[in-house]
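A quick write-up on the structure given underneath.
Numbering (this note's numbering), first residue to last: -2 to 245.
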């Protein structure tokens, strides 16, 4: 009895893997099972922070953004000083695109050296250049800001660059009309010289002449004026990324 048990204990030991197929399956499961466990753990941990399934296109914010009007009308009371923008606000909205980086030959904001030859010209000259345009800078007058607000921006830009200009005083829109002189009385019949006789011209012949003279003028001046006011600030100098005027 003891000999049989001893012979059984001394026999060869065999593992659970006995065939090549079992070996391949064991190797595959040793990689696949840990990967599945890791993915499940990661999904469980991040499940709370993931957005819910579906689209947010019907939420109140999304609907409001889609039906919002393309443009907005801002009513400005020209007689109220509080409705006028400050020089810093106008500079940030209108002037900083070129003056902040010194683009297209514009004197850079805060560069006392670049502004040194310009500041002695005075406020009136600098304001005229801003309103009517100069070199690559388009005319800033007649846009979203009043001349008074543009003047504030000129003073702010100049004073931040070494100048000591005085900010213009606000005058209500009706103040100028109230200060205007009374209308001149119409002259009497004795003061009016007699009208000189003129040759009669048929109405049918004169109308086409007037239309033909005026139509080309309006067509020829509209496009250049619009380009000078809105486009020349960048396209005239060929700022990087913008096609330069005349550069085929």
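Positions of the beta carbon are idealized from the N, C-alpha and C atoms, including for glycine.
Owing to the predicted nature of the structure, the values given are computational and were not obtained by experimental measurement.
Taken atom to atom, the span from the alpha-carbon of residue 134 to that of residue 221 is near 14 Å. Our two residues, residue 93 and residue 150, have alpha carbons roughly 10 Å apart in a direct line. For the 8 Å CB-CB criterion, residue 137 and residue 91 form a contact. When DSSP states are grouped into helix, strand and coil, residue 129 belongs to the helix group. Straight-line spacing of the CA atoms in residue 13 and residue 42 works out to 36 Å.
By the criterion of a C-beta distance shorter than 6 Å, residue 120 is surrounded in its chain by 162, once the five residues flanking it on both sides are discounted. Per DSSP, residue 37 has no beta-bridge partner at all.
Within the model, the alpha-carbon separation for residue 60 versus residue 66 is close to 12 Å.
Secondary structure note for residue 85: its alpha helix (DSSP H) is the uninterrupted segment 84 to 87.
Per the coordinates, the alpha-carbon of residue 166 lies some 13 Å from the alpha-carbon of residue 75. Under the 10 Å beta carbon count, residue 104 is surrounded by 16 or more other beta carbons and is classified as buried. Here residue 142 really is in contact with residue 82; their C-beta atoms are around 6 Å apart, less than 8 Å. Of the candidates 86, 132, 101 and 160, 160 places its Cα closest to the Cα of residue 112. Here residue 144 is not near residue 154, since their CB atoms are 8 Å or more apart. By the neighbour-count criterion, in which a residue is buried when 16 or more other Cβ atoms sit within 10 angstroms of its Cβ, residue 106 is buried. Counted as a single uninterrupted DSSP element, the alpha helix (DSSP H) harbouring residue 231 occupies residues 229 to 232. Taking the C-beta atoms as reference points, residue 245 is found no nearer than 8 Å to residue 232.
If you look at residue 147, you'll find it in the alpha helix (DSSP H) that goes 144 to 156.
In the DSSP assignment, residue 94 falls within the unbroken alpha helix (DSSP H) covering 93 to 96. DSSP links residue 134 through a beta bridge to 131.
Cβ-Cβ separation between residue 87 and residue 147: approximately 7 Å, consistent with a contact (criterion under 8 Å).
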